[in-house]
Amino acid sequence: MSKPHSRREVTDLGSLKLLAHPIRYRVMDRLRQGPATSTTLARALGLNTGVTSYHLRQMAEHGFIEEVPELSRGRERWWRARPLDLRFPRRSEQSEEMRPVMDEMHRLDFAAELEQFARFQLEREELGPWADALLFSRGSIRVDLAELEEFFEEYISLLKRYQRPDEETPPHARTVLARLLAFPVPTSTTDTAAEANVREHD
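Each number in the working numbering corresponds to the 1-based position in the sequence shown with 2 added.
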């Protein structure tokens with residue numbers, strides 16, 4: 003049964019560094035797809051079980067993953083990602099040590115998204131009706147900082163509406179990746195060009 007996502011503020015540097023570690027990032031990404039053991043993770047990620055076991059313990063100590071006792075047998079331990087709504091410090095709240103760590107985490111995020119999209123494109127013709135399931139919207143909004151925060155929270159609420167328990171999910175449902183990226187028009191862009199872009203895509 004799926005659990006509701008609980009909100010967690012990640013503010014300590016140790017936890018941030020853990021999430022920005024390339025191997026742990028890949029482990030976390032794999033566990034979000036479903037439970038796994040150190041052996042199955044090692045096979046999927048091209049690592050040895052000693053490495054995956056070590057990183058799993060580290061991630062469990064920081065509370066990002068948890069053991070699945072109903073699947074574990076003997077010394078074989080199964081792990082899953084905890085259902086968390088992770089929140090991170092705003093740029094203005096980050097220390098000098100935090101900023102490069104957050105930048106690296108964002109770099110890993112974008113690289114992973116591009117890889118996932120490339121795989122979708124390669125497999126698209128084999129997906130049948132789901133080949134049409136590519137939603138894309140490009141637009142802009144005119145907001146102050148408080149309104150932008152409200153916009154983001156409304157988006158999160160919409161996501162949570164469809165992150166339902168297994169028993170409430172339609173039988174033919176699939177996991178669909180949904181991503182939101184919003185940022186101010188760069189100041190290097192001229193006002194005229196920025197306004198033209200807003201009108202073009204509204």
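All C-beta atoms in this analysis are idealised placements derived from N, C-alpha and C, irrespective of residue type, glycine included. All values reported here derive from a predicted model rather than from experimental measurement.
What residue from the options has the CA that sits closest to residue i's CA?
{"i": "glycine 65", "options": "Arg28, Arg82, Leu182", "result": "Arg82"}
{"i": "leucine 73", "options": "Arg9, Trp132, Asp111, Pro37", "result": "Pro37"}
{"i": "serine 40", "options": "Leu160, Gln60, His23", "result": "Gln60"}
{"i": "methionine 107", "options": "Thr51, Glu170, Leu20", "result": "Leu20"}
{"i": "arginine 93", "options": "Leu86, Arg84, Met104", "result": "Met104"}
{"i": "leucine 182", "options": "Pro71, Val29, Arg166, Glu155", "result": "Glu155"}
{"i": "alanine 180", "options": "Tyr157, Asp168, Ile67, Glu170", "result": "Tyr157"}
{"i": "alanine 175", "options": "Gln123, Ala135, Val29", "result": "Ala135"}
Assign residue i to buried or exposed, taking buried as 16 or more other Cβ atoms, counted over all protein chains shown, within 10 Å of its Cβ.
{"i": "tyrosine 27", "result": "buried"}
{"i": "serine 97", "result": "exposed"}
{"i": "valine 178", "result": "exposed"}
{"i": "leucine 161", "result": "exposed"}
{"i": "histidine 57", "result": "buried"}
{"i": "alanine 190", "result": "The amino acid occupying residue 190 in the given sequence is serine; alanine does not appear at that position. Counting Cβ neighbours within 10 Å, serine 190 comes out exposed, since fewer than 16 surround it."}
Hey, would you say residue i sits closer than 8 Å to residue j, going by beta carbons?
{"i": "valine 145", "j": "leucine 88", "result": "no"}
{"i": "glutamate 99", "j": "leucine 15", "result": "yes"}
{"i": "leucine 110", "j": "alanine 22", "result": "yes"}
{"i": "valine 47", "j": "arginine 34", "result": "It is leucine, not valine, that sits at residue 47 in the sequence shown. Contact flag unset, no."}
{"i": "arginine 77", "j": "glutamate 69", "result": "no"}
Among residues of its own chain, excluding the 5 on either side of residue i, which ones have a beta-carbon nearer than 6 Å to its beta-carbon?
{"i": "arginine 126", "result": "Ala133"}
{"i": "phenylalanine 185", "result": "none"}
{"i": "arginine 9", "result": "Asp87"}
Residues in the same chain with beta-carbon distance under 7 Å from residue i, minus the five sequence neighbours each way, listed in chain order, please.
{"i": "proline 91", "result": "Thr13, Met100"}
{"i": "histidine 203", "result": "Residue confidence is low: histidine 203 scores 48 on pLDDT, short of 50, so the model does not pin down where it sits. Its coordinate-derived value is still stated next. Closer than 7 Å at the Cβ level, and outside the excluded window around histidine 203, lie Arg140, Gly141, Ser142."}
What does a CB cutoff of less than 8 Å around residue i pick up in its chain, not counting 5 residues either side in sequence?
{"i": "proline 188", "result": "none"}
{"i": "serine 55", "result": "Ser40"}
With residue i and residue j assumed to form a contact (beta carbons below 8 Å), what rounded beta-carbon distance in angstroms separates them?
{"i": "leucine 43", "j": "valine 29", "result": "6 Å"}
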